[in-house]
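S.K.:
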Ligand code: 13P
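Given below as structure tokens:
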């Protein structure tokens, strides 16, 4: 089964609207020849709408870095799925380790967010991954299995075709320490096997699984060559269009 590759940039809490526009200009100027990859950007909420036109001209889809699980309500400071769609988002990151660790988001809430994203018409990227402590205790598979099964609970199998998984080992995020292609491939294949055994093998074969955690131009090629790695979710190295383009060329 051939799965279309994805290269996604998670800008976290970086980049003003103007900086985002400049990024797209540089990207657009030299991206030729890599149209077979889905390009996604995850800017701050406030940047999604203002850069919508430029992004669409450059064939870039936009997403949000989070959403609230309720349809609407008295939740000061929160943003709903419907608002994100209205602002031009097609995608949403859910369960990023920074949300889990810094903002106390647990599997149950992450699951509600995945369900809300789907109801709202957003394609969720469910992020999973173990901490260094968990890996050192050899618990990485248990942790990832739990995050997947809990995170995707009650989702209609047909809706799983809309979902993308991102494996982001916490110890590799922003540390410069990447999982080896072998370790990453092993975990991606494990994730695919969990999806196959919990749901259907057809879903497991078609679901896209991204690797995230210190992806850089010099390690991207080896990572993306692994059979179960369908692309990358890039943090730091996505902030410069030139670097992101170098990663894109690794496909
Ligand atoms: P880095 O690429 O900076 O390690 O960040 C990865 C990440 O968190 C993407 O969501």
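Residue numbers (my numbering): 459 to 709.
Note that beta-carbon positions come from the ideal geometry of N, C-alpha and C, so glycine has one too.
Could you spell out where the beta strand (DSSP E) holding residue 579 opens and where it closes?
M.R.: Unbroken run through residue 579: none, as it is neither H nor E.
S.K.: Compute the distance between the beta-carbons of residue 539 and residue 578, then report whether it is under 7 Å.
M.R.: It is a contact, given that the beta carbons lie within the stated cut-off.
S.K.: Under three-state DSSP, which class holds residue 709?
M.R.: Note: residue 709 maps to coil in three-state DSSP.
S.K.: Does the beta-carbon of residue 558 have 16 or more other beta-carbons within 10 angstroms, so that it is buried, or is it exposed?
M.R.: That one is buried.
S.K.: What would DSSP say about residue 487, mapped onto helix, strand or coil?
M.R.: Note: residue 487 maps to helix in three-state DSSP.
S.K.: Quick check: the segment 598-617 against the segment 536-551, are there 3 or more CB pairs under 8 Å?
M.R.: No, they do not touch.
S.K.: In the DSSP assignment, the alpha helix (DSSP H) including residue 513 goes from what residue to what residue?
M.R.: Run containing residue 513: 510-515, per the alpha helix (DSSP H) assignment.
S.K.: Spatial neighbours of residue 478 within its chain, please: CB distance less than 6 Å, with the 5 preceding and 5 following residues excluded, ordered by chain position.
M.R.: Excluding residues within five positions, the ones whose Cβ falls inside 6 Å are 501, 505 and 509.
S.K.: Given that a residue counts as buried once 16 or more other Cβ atoms are within 10 Å of its Cβ, and exposed if not, what is residue 524?
M.R.: Flag for residue 524 reads buried.
S.K.: Would residue 630 count as contacting chain B if we go by Cβ distances under 7 Å?
M.R.: The structure shown contains no chain B, having only a single protein chain.
S.K.: Does the segment 622-631 touch the segment 665-673, meaning 3 or more C-beta pairs lie closer than 8 Å?
M.R.: Judged by Cβ distances under 8 Å, the segment 665-673 makes contact with the segment 622-631, as three or more pairs qualify.
S.K.: Please list, following the chain, all residues that have a C-beta closer than 6 Å to any non-hydrogen atom of ligand 1.
M.R.: Working through the chain, the matches are 468, 554, 626, 631, 632, 670, 671, 672, 673, 691, 692, 693, 694 and 695.
S.K.: Rounding to the nearest angstrom, what Cα-Cα distance links residue 618 and residue 482 in this structure?
M.R.: Approximately 30 Å, taken between the alpha carbons.
S.K.: Going straight from the alpha carbon of residue 630 to that of residue 511, what length do you get?
M.R.: Rounded to whole angstroms, residue 630 to residue 511 spans 33 Å at the Cα level.
S.K.: Quick check on residue 474: buried or exposed, where buried means 16 or more other Cβ atoms within 10 Å of its Cβ?
M.R.: The residue is exposed, with fewer than 16 neighbouring Cβ atoms inside 10 Å.
S.K.: Thinking C-alpha only, which one of 597, 516 and 694 is nearest residue 486?
M.R.: Answer by Cα proximity: 516.
S.K.: Considering only residues of the same chain and omitting the five flanking positions on each side of residue 620, which have a CB-CB separation below 7 Å?
M.R.: Answer for residue 620: 576 and 581, listed in chain order.
S.K.: Measure from the alpha carbon of residue 551 to the alpha carbon of each residue in 470, 488, 646 and 671, then state which is nearest.
M.R.: With distances taken between Cα atoms, residue 551 lies closest to 470.
S.K.: According to DSSP, simplified to helix, strand and coil, what is residue 519?
M.R.: It is a strand residue.
S.K.: Helix, strand or coil, according to DSSP, for residue 499 in the structure here?
M.R.: Here residue 499 sits in strand by DSSP.
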